[in-house]
Amino acid sequence: MQELEVAGQGSVRVSRKDNDVVVIEKDLTTEEMLLSMGPQHPSTHGVLKLECMTDGEVVTSAEPYLGYLHRCFEKHCEMVDYPGIVPYTDRMDYLAGMNNEWAYCIAVEKLLDIEIPRRVEFIRVIVSELNRIASHLVAIGTYAIDLGAFTPFLFCFRDREHILSLLEWASGSRMLYNYIWIGGLSFDVPADFPKRLKEFVDYFRPKAVELYRLLTENEIFVKRTKGIGIMPADVAINYGWSGPMLRGSGVQWDLRRNDPYSVYPELDFKVPVPDGKFSVVGDCLSRHLVRALEMEESLNIIEQCISKMPGSEGFDARAAVPKRVRPKAGEVYGRAENPRGELGFYIQSDGKSTKPLRCKARSSCFVNLSAMKDLSKGQLIPDLVAIIGSIDIVLGEVDR
Amino acid sequence: MSVSAIPQISLPFLMGNSLNAWSDALAGLTISWFPLGLVIIAAIPLVFIALYALTYGVYGERKISAFMQDRLGPMEVGKWGILQTLADILKLLQKEDIVPASADKFLFVVGPGILFVGSFLAFAVLPFSPAFIGASLNVGLFYAIGIVAIEVVGILAAGWGSNNKWSLYGAVRSVAQIVSYEIPASIALLCGAMMAGTLDMQQINLHQSGPYGFAHFYLFQSPIAWLPFLIYFIASLAETNRAPFDIPEAESELVAGYFTEYTGMKFAVIFLAEYGSMFMVSAILAIVFLGGWNSPLPNLGALALYDWTSGPVWGAFWIISKGFFFIFVQMWLRWTLPRLRVDQLMYLCWKVLTPFAFIAFVLTAIWEIYVP
Amino acid sequence: MSEMQEGRTLPQSVQESAAAYGIIREAFGSAVSDFDANETMPFFEVLETERWQEIALFMRDHPKLRFNYMACLSGVDYPAEEKLGIVCNLESLGEFGHRIAVKVKCARDGGSIPTAAYVWHTANWHEREAYDMFGMQFAGHPDLRRILCPEDWEGYPLRKDYAVQESYHGIKVPY
Numbered sequence: 053m054q055e056l057e058v059a060g061q062g063s064v065r066v067s068r069k070d071n072d073v074v075v076i077e078k079d080l081t082t083e084e085m086l087l088s089m090g091p092q093h094p095s096t097h098g099v100l101k102l103e104c105m106t107d108g109e110v111v112t113s114a115e116p117y118l119g120y121l122h123r124c125f126e127k128h129c130e131m132v133d134y135p136g137i138v139p140y141t142d143r144m145d146y147l148a149g150m151n152n153e154w155a156y157c158i159a160v161e162k163l164l165d166i167e168i169p170r171r172v173e174f175i176r177v178i179v180s181e182l183n184r185i186a187s188h189l190v191a192i193g194t195y196a197i198d199l200g201a202f203t204p205f206l207f208c209f210r211d212r213e214h215i216l217s218l219l220e221w222a223s224g225s226r227m228l229y230n231y232i233w234i235g236g237l238s239f240d241v242p243a244d245f246p247k248r249l250k251e252f253v254d255y256f257r258p259k260a261v262e263l264y265r266l267l268t269e270n271e272i273f274v275k276r277t278k279g280i281g282i283m284p285a286d287v288a289i290n291y292g293w294s295g296p297m298l299r300g301s302g303v304q305w306d307l308r309r310n311d312p313y314s315v316y317p318e319l320d321f322k323v324p325v326p327d328g329k330f331s332v333v334g335d336c337l338s339r340h341l342v343r344a345l346e347m348e349e350s351l352n353i354i355e356q357c358i359s360k361m362p363g364s365e366g367f368d369a370r371a372a373v374p375k376r377v378r379p380k381a382g383e384v385y386g387r388a389e390n391p392r393g394e395l396g397f398y399i400q401s402d403g404k405s406t407k408p409l410r411c412k413a414r415s416s417c418f419v420n421l422s423a424m425k426d427l428s429k430g431q432l433i434p435d436l437v438a439i440i441g442s443i444d445i446v447l448g449e450v451d452r
Numbered sequence: 011m012s013v014s015a016i017p018q019i020s021l022p023f024l025m026g027n028s029l030n031a032w033s034d035a036l037a038g039l040t041i042s043w044f045p046l047g048l049v050i051i052a053a054i055p056l057v058f059i060a061l062y063a064l065t066y067g068v069y070g071e072r073k074i075s076a077f078m079q080d081r082l083g084p085m086e087v088g089k090w091g092i093l094q095t096l097a098d099i100l101k102l103l104q105k106e107d108i109v110p111a112s113a114d115k116f117l118f119v120v121g122p123g124i125l126f127v128g129s130f131l132a133f134a135v136l137p138f139s140p141a142f143i144g145a146s147l148n149v150g151l152f153y154a155i156g157i158v159a160i161e162v163v164g165i166l167a168a169g170w171g172s173n174n175k176w177s178l179y180g181a182v183r184s185v186a187q188i189v190s191y192e193i194p195a196s197i198a199l200l201c202g203a204m205m206a207g208t209l210d211m212q213q214i215n216l217h218q219s220g221p222y223g224f225a226h227f228y229l230f231q232s233p234i235a236w237l238p239f240l241i242y243f244i245a246s247l248a249e250t251n252r253a254p255f256d257i258p259e260a261e262s263e264l265v266a267g268y269f270t271e272y273t274g275m276k277f278a279v280i281f282l283a284e285y286g287s288m289f290m291v292s293a294i295l296a297i298v299f300l301g302g303w304n305s306p307l308p309n310l311g312a313l314a315l316y317d318w319t320s321g322p323v324w325g326a327f328w329i330i331s332k333g334f335f336f337i338f339v340q341m342w343l344r345w346t347l348p349r350l351r352v353d354q355l356m357y358l359c360w361k362v363l364t365p366f367a368f369i370a371f372v373l374t375a376i377w378e379i380y381v382p
Numbered sequence: 065m066s067e068m069q070e071g072r073t074l075p076q077s078v079q080e081s082a083a084a085y086g087i088i089r090e091a092f093g094s095a096v097s098d099f100d101a102n103e104t105m106p107f108f109e110v111l112e113t114e115r116w117q118e119i120a121l122f123m124r125d126h127p128k129l130r131f132n133y134m135a136c137l138s139g140v141d142y143p144a145e146e147k148l149g150i151v152c153n154l155e156s157l158g159e160f161g162h163r164i165a166v167k168v169k170c171a172r173d174g175g176s177i178p179t180a181a182y183v184w185h186t187a188n189w190h191e192r193e194a195y196d197m198f199g200m201q202f203a204g205h206p207d208l209r210r211i212l213c214p215e216d217w218e219g220y221p222l223r224k225d226y227a228v229q230e231s232y233h234g235i236k237v238p239y
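Chains as they are written, first to last, in my numbering: chain Z, 53 to 452; chain V, 11 to 382; chain X, 65 to 239.
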């Protein structure tokens, strides 16, 4: 007797009674429907395929399939010299380009032993925090539109335009900057930049409050996200979650505080961690809250930087940028707090070449998304959409 | 408290015309054997739907949503983009009509048709003016509530016939939603019928006529009338699949729900059906609770505002304006609120709206019987 | 076993890692190598590859170590030694705060490393990626298949001697 396994349909048994009679027995099972939230879908935030087995509206399993945006970042790194890798890092999490470049430069600068000028550090903080606000605006806007609220999306993008104009003024490009270089910056910021920055901060504060009242306090939005996709803190740590995901589960962990780099020790800012009063700790609403509240903290950081930043007399952004980047032999794991979590670079250098031996990008979204399969068991399809939105993935970083 | 019956013939504002004068005249118009008048009666709402959907429906929605979202909306085609919808219609007309190879051809083609027919049939009993109503049925309200249920068949046909799992999801959700929300909707409208004592649409409007304008409207005639008004408004949002109940066409989950696979004119037909039913529920709401074609302006002594703004043509103006106002509120809600999840939607219907509808029904009955 | 280099004391973090290493060394003796106390990434190597899972569990659960967070697991190719390996960056998040890196190596052809997927869930996808890019097997992994490349891709791209395949489903690959 031959038993054939046919996926999703129970088993089929084929047996021969005699020479020309074949008996086929099928188990009677109700089929689960295979639903492919395929690579092209309005709410998977990029080319992600989720193969869901659904029983009615309940999802019994949602398996992510990656690789649609894989561009061989790590192989390119072995063929391009260290400064040339900076534009590649931009393109990983393209919504937070400055943060990616910074994480990479932190890693390489550890191997180089150079001293970064103070003004460079402050400008790096400013552009990274601006990019953090822009990235969170996209996250919040697209999350709202996934849940059916069309208007906050446009409000978020309207405000993001101002940030992109500022960053274009500083670096020359709206989205993929190549601005933070190993050892410094590519250009200094323009003369009036602090003034315009202050105007933006004053403009955006009431807008952030308006967005909060329109979306986060909306009864329907809260009902759609509260208690959905709960991740306990210790499981989150074991999955390797970081950034707003981990803080949404109640863990006080922010690399800017717990593993500080650059001038963050001098800056005064709060790290928002939900305490369960408005949301359930670890659910989608908590994660959304962390992002909404972090935007305001970034504004505070930018304001402090404007006042503390040294002036630009006699300043050359490329003063400490080495002519030829040839780090000493060794390995380093350098990381920074990206809007989506911890972006880390494991770089292996042999001390002789200008190209890394191995450069691995530890991507925050890749790790955050790995919990998707377990988070989605037993959820309804609309809740699946809510969970993916709250994980806030950018496929460029997931696939690299 | 009910308005004393006003004899039809002596109504000064009808300017000598009796009720349904235009419809009766048109019904009698025949050219040899061909009932031209009946055809015109049927065609008028159709033309109206098309025109309104073209101008106010699509253009208004795009402009209103744009201004709410801090942007401009259509600006290129014509001054302020007025001709945009015309351009869209021309585009849709010459689009390739695709029927997916693995789709059930009959159901796929027939779905939008049934959908539109169901939505359009209810226009037969809408009194567009004191002198015009397509079919003056004495069970007009009952007919309007019931005939919309044909849409369900159309949606199922469209969803199943598309041979697309996402369309199927949308269709199934939509059917569940429409069928469930008919109950609070009907009960709420029954409250209005109770106050009128009749199901005939023209009579309901007639009973809300009077020199005090809006004071005669049923919304203000009973202390509890706001409750069925609100319930019917919410239920009608669900009936027409508008946000926050647009889970069947939830873009972000289901691409476009049950009409994912439709292109060209079939898509335009579904679209027209949706805008048609939007106007229909707004009109029914206006007729039952807000006086239909009656003018809301009262006679203030020498300023006989009510008399000046009443008449067959004025009547058409008033009911269309009231319908448009509710459509504006529907659009407003769509762009403000996120959408409810399917089970939350069902919970709202069965555990919130239906009990309240029953309460409203009982209270309205008490009011009608015991308060003179 | 921390090392003093020419009279310069090591940074605080390296000393903490060295202390953590000491506990591991006590428990596992010669299954682990000596501690490399460099400043950028202090690490030790697991010499007996079969005991890696045991060591991982020990590191995660020991009350003085509590390495509950795996920051990164990278596959590495050592062409000179004819070996493949992984480098794990571990951290005790929220508890002790010390960090350490662990290296585990295996043979190039047909080598396998015990999986750490049941110890840290992070390792699940990282090991799939290492397998996809380098080709080492992870013994006991719940679902070892390619993650970034298509399921039927040939070859292991990040190996130093990798040559792209000529065509994939009729599409010419090298350009």
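All residues carry an ideal CB built from backbone N, CA and C; glycine is no exception.
Neighbouring residues, chain Z, relative to residue i (Cβ below 7 Å)
i, result
"L222 of chain X", "E126, K127"
"V151 of chain X", "Y398"
"G199 of chain X", "Simply none; closest approach about 15 Å."
"R81 of chain V", "L206"
Where residue i falls, given that 16 or more other Cβ within 10 Å makes a residue buried
i, result
"T40 of chain V", "exposed"
"V140 of chain X", "buried"
"S262 of chain V", "Any reading at S262 of chain V must be qualified, since the residue scores a pLDDT of 49, below 50, and its modelled position is unreliable; the value itself is stated next. Buried."
"I76 of chain Z", "exposed"
"F44 of chain V", "exposed"
"L394 of chain Z", "Note that residue 394 of chain Z is Glu in the sequence shown, not Leu. With 16 or more Cβ atoms within 10 Å of its Cβ, E394 of chain Z is classed as buried."
"Q304 of chain Z", "exposed"
"D194 of chain V", "The identity of residue 194 of chain V in the sequence shown is Pro, whereas the question assumes Asp. Looking at its Cβ environment, which holds 16 or more other Cβ atoms inside 10 Å, P194 of chain V is buried."
"K375 of chain Z", "exposed"
"L347 of chain V", "buried"
"A63 of chain V", "buried"
"D353 of chain V", "exposed"
Nearest-angstrom Cβ-Cβ length linking residue i and residue j, presumed shorter than 8 Å
i, j, result
"A135 of chain X", "L154 of chain X", "7 Å"
"I175 of chain Z", "V99 of chain Z", "Incorrect: roughly 34 Å between the Cβ atoms, too far for contact."
"M105 of chain X", "A165 of chain X", "5 Å"
"E109 of chain X", "K167 of chain X", "4 Å"
8 Å Cβ cutoff, residue i in contact with chain Z
i, result
"P254 of chain V", "yes"
"T73 of chain X", "no"
"G158 of chain X", "yes"
"V237 of chain X", "no"
"A227 of chain X", "no"
Listed by chain order, chain Z residues near residue i by CB distance under 8 Å
i, result
"S138 of chain X", "Y398, R410, K412, R414"
Any chain X beta carbon closer than 8 Å to residue i
i, result
"L163 of chain Z", "yes"
"G90 of chain Z", "no"
Contacts of residue i in chain Z (Cβ-Cβ under 9 Å)
i, result
"V352 of chain V", "E109, L432, I433, P434"
"T273 of chain V", "Near T273 of chain V there are no residues of chain Z at all, since even the closest Cβ is about 17 Å away, more than 9 Å."
"R72 of chain V", "Here the premise fails: no neighbours, minimum Cβ distance about 12 Å."
Within chain X, partners of residue i - CB distance below 8 Å
i, result
"L118 of chain Z", "I211, L212"
Q. Do the stretch 152-167 of chain V and the stretch 121-140 of chain V touch if we need at least three Cβ pairs shorter than 8 Å?
A. yes
Q: Determine contact between the stretch 377-387 of chain Z and the stretch 176-193 of chain Z, defined as no fewer than three beta-carbon pairs at a distance below 8 Å.
A: no
Q) With a cut-off of 8 Å, do at least 3 Cβ pairs link the stretch 147-157 of chain Z to the stretch 230-240 of chain Z? A) yes
Q.
With a threshold of 8 Å, are at least 3 pairs of Cβ atoms found where one atom belongs to the stretch 342-352 of chain Z and the other to the stretch 361-378 of chain Z?
A. no
Q.
Under 8 Å, with one C-beta from each stretch per pair, do the stretch 244-261 of chain Z and the stretch 401-419 of chain Z reach the 3-pair mark?
A. no
Q | the stretch 230-237 of chain V touching the stretch 76-85 of chain X, judged by at least three CB pairs closer than 8 Å | A | no
(Q) Measuring CB atoms only, is the stretch 194-211 of chain V touching the stretch 163-183 of chain V, in the sense that at least three cross pairs come out at less than 8 Å? (A) no
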